[in-house]
Structure formats: structure tokens, C-alpha cells
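K.L.:
Here the sequence shown is numbered in the numbering used here, starting from 11 and rising by one per residue. For glycine and all other residues, C-beta sits at the position ideal for the given N, C-alpha and C. For clarity, every value in this text was computed on a predicted model and none was experimentally measured.
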Amino acid sequence: MDTAVTDLLLSTTRAVRRRLDLERPVEREVILDCLRLAVQAPTGGNKQAWRWLVVDDPEVRAAVAEVYARRTLAIVDRRYPHIEDAQTRRVYDGARYLATVLARVPVLIVPCVEGRPDAPGAAHPTAFYGSIFPAIWSLQLALRSRRMGSVLTTPFVDEDERLYTGALGLPDTMTPIALLPVAYTIGDEFKPADRPPVETITRWNRWTDRR
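1) Flag this pair as yes or no: are the beta carbons of phenylalanine 200 and arginine 34 separated by less than 8 Å?
2) With a floor of 3 residues, list each beta strand (DSSP E) that falls wholly inside the region 152 to 184, ordered by position along the chain.
3) List the DSSP bridge partners of valine 117.
4) Counting C-beta neighbours from all protein chains within 10 Å, is the total for alanine 72 16 or more, i.e. buried, or is it exposed?
5) In three-state terms, what does DSSP make of proline 186?
6) Quick one: Cα of threonine 98 to Cα of proline 91, how far?
7) Let me know if serine 160 comes out buried or exposed under the rule of 16 or more other beta-carbons within 10 Å of its beta-carbon.
8) Are the beta-carbon atoms belonging to serine 141 and lysine 57 less than 8 Å from one another?
9) Compute the Euclidean distance between the alpha carbons of proline 68 and tyrosine 174, then round it to the nearest angstrom.
10) With three or more beta-carbon pairs closer than 8 Å as the criterion, would you say the region 102 to 109 touches the region 75 to 87?
11) Would proline 116 and aspartate 66 qualify as a contact pair, given that the criterion is a beta-carbon distance under 8 Å?
12) Please confirm whether alanine 188 and threonine 164 have their CB atoms less than 8 Å apart.
13) If contacts are defined as beta-carbon pairs under 8 Å, then alanine 51 and alanine 145 qualify, I think. What distance do you get, rounded to the angstrom?
14) Within this structure, are the beta carbons of proline 191 and leucine 63 separated by less than 8 Å?
15) Can you say whether arginine 154 is buried or exposed, counting buried as having 16 or more other CB atoms within 10 angstroms of its CB?
16) Please list, in chain order, all residues of the same chain as leucine 151 whose beta carbon is under 7 Å from its beta carbon, the five residues on each side excluded.
17) Using the C-alpha atoms, what's the distance from alanine 109 back to tyrosine 78?
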């Protein structure tokens, strides 16, 4: 296994918003190839309860984008004046941009879990939600390896979930987990993000032990 290639993929799979190519179509077969890799991820209890809704119809994308923009722009406008960190401000700038162009992104992928977290006998929330996120990350890595970008957004909260459910035609037995805009990227020069040295955020054996 070429660890150099693997390390590059892992360290440069970024949250892509501004550099999504809004004009280039994304082929369905490429999406299916990426999903085939995604479902190789581990899942709690081997339930494999993940389901994937891929949206490439312009009218459905527009309906989803309308709901997304209304909530996202309100949150960004409320929080933005209080942000002092430059990197975080860039993230919010990107979020505002994405909200204005979401309807033009070629593909939206909605990872779902079959069932409801509040249903009788449902798995603990850590397992219910945690079982699909490894597959979502694998999907994003597979997209990146094919010169596509994505960003993980989690808009399905409170009353908004019902609005999305209606726009997407989801049954009551399905729980939408996230929304990933997907497109080929404009350019391919992505670099690792600024992160603190892992030595400063890692402890060994017991919390009081640093060595």
C-alpha cells in the first residue's frame, strides 16, 4: 500500500464550498462507484441501516436549497459579527456562498438511516448516528480521489427536518442525517488545514499522564 498516496488523500480531503464546479455534470455511475466504497465502512452491529438519496433533479435541488438557504443564512448572519478567528470567518463566508448557489450544485447526497432514533427498541443515539458517519467519510474520500469535492452539512434539525422530508419525499420511517453537495472541483490543489500539534492534544493511558 502506497502510504504517501493514502496520506495525501487523508490530509487534503477538505470541506469544499467555493471551488465546486457548478457547470460540469456529475455522472451517476461515478456516484455509484463512490457509494460502493462507502458501504464498505464498519457499522454498529453490522446493521447496515444506511440508505442514500442522490438528488440530481433541478426542481428537487431547488426545493432543498430554498429550505437550506433560509436557515443557513440566518445562522451565519447572526454569528458572523462575533467571530474573531480569520479561519473561522472564511468558513462562514464559504457557508454563505454555498447557501446562495446550492440549487446549482450538480448533485446533493442525503445519507439516511432506516428507522427513527426515538422508535421503540432503537439503538442508542451514539450507535444510531455514529454507524453512518464512517460511511459518509469514506464517501467523501472516494469523491476526492475522483477529483470531486463535497462538504458535510447537517441541516436536519427541529422543524426543518419536516420541510426537507417533504421536499425529498422521505417516508416517516427514514431519518435524514446529513446533506452533501457534490461536484467536480475547480482545480485540485488542496493542502492540509492548520491544526494544533497532536502532541499538545494527546495524552497516554490516564488523563493525568502526558508521557
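P.N.:
In this structure, then:
1) no
2) If only complete runs of 3 or more residues are kept, the region 152 to 184 shows the beta strand (DSSP E) at 158 to 160, in order along the chain.
3) Partner(s): Val192.
4) exposed
5) Correct three-state label for proline 186: strand.
6) 12 Å
7) buried
8) yes
9) 15 Å
10) yes
11) yes
12) yes
13) Indeed, because the Cβ distance is near 4 Å, the residues count as touching under 8 Å.
14) no
15) buried
16) Leu19, Thr23
17) Going from the Cα of tyrosine 78 to the Cα of alanine 109 covers about 7 Å.
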